Structure formats: structure tokens, C-alpha cells
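Single-structure report; data block below.
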Amino acid sequence: MQAGALFDKIQRFLGVEWIHTEEKAPVVAARESGPLLPPSAEELALLSRLVASGRVRNVVAEAVRMEETDPRLGPWIEQLRGLVRTYQLRKLQEFVDGYAAGTGLSGESA
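Using numbering that gives the first Met the number 0, you'd call the opening residue of the sequence shown number 0 and step up by one each time.
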């Protein structure tokens, strides 16, 4: 089964709506633009709960809000978006939890 057909069936049977966003910049460019500045511990905890519960749409909404509040988070948020965009939910959870634990995963490819 092709991925597109699978996503169509998931959308139809589960009633989900896929969020398509324009890619602003590749993740590699975001890394080169400066150090990754993660959100606060409270915001990381919120993102971790949202990812763990599968609320990806809310993760994206929170990321947008965080970036609007503090543009310095842009490179970190772009890495998060890259994981969301490619449906790498396990890596997304590891990425958020790694920063929440203070270890960070900036050396890992998205």
C-alpha cells in the first residue's frame, strides 16, 4: 500500500485532518544559524505530554506560539517541525524528552 493511500484511509476512518505547512528552511540550515535554544522546562514538559498523548496538532500549535513569543527558539522549533513533518513521533518524543532532561539531542539528525 502506498503511503498516500494509507494516510487517506487513516484520515477517512479516524476523522483526522492532516496539517500541511510550507517548509521554511531545512533543518540543516536551522542548525547552522546558531545554537539550539530549547524552550523553558515548563514548555518542554507540556510538549512532552502532548507528544506522549499523540496530540501532534497541539504540539504544532504550541511550537508556533513559542516561536512567536521568543524568536530565538526558531532553530529548535524547526527541528521539532522536521520531526512532526516526517511523522517521526518516537524521535519527536526523544527530542523533547532529551531537552527536558537536560541532555539535549542536538547532535542527532532529524
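Glycine included, each C-beta is placed from N, C-alpha and C at the ideal position. This structure is a prediction, so every number in the text was calculated from the model and none was measured.
When the five nearest sequence neighbours on each side are left out, the beta carbons in the same chain lying within less than 6 Å of the beta carbon of lysine 90 are those of Leu82, in order along the chain. Inclusion of alanine 2 and leucine 43 in the CB contact set at 8 Å is not warranted, their separation being larger than that value.
The alpha-carbon of serine 52 is positioned some 18 Å away from that of threonine 85.
In the DSSP assignment, serine 47 falls within the unbroken alpha helix (DSSP H) covering 40-51. Closest in C-alpha terms to glutamine 87, from the list Val55, Gly97, Pro74, comes Val55. When the alpha-carbon of valine 58 is set against those of Met65, Leu46, Thr68, Glu66, the nearest one is in Leu46. Excluding five sequence positions before and after proline 37, the CB atoms of its chain that fall closer than 6 Å to its own CB belong to Trp75, Tyr98, given in chain order. The beta carbons of valine 50 and valine 95 sit about 6 Å from each other, so the pair counts as a contact at 8 Å.
The C-beta separation of alanine 62 from arginine 80 comes to about 6 Å, placing the pair in contact by the 8 Å criterion.
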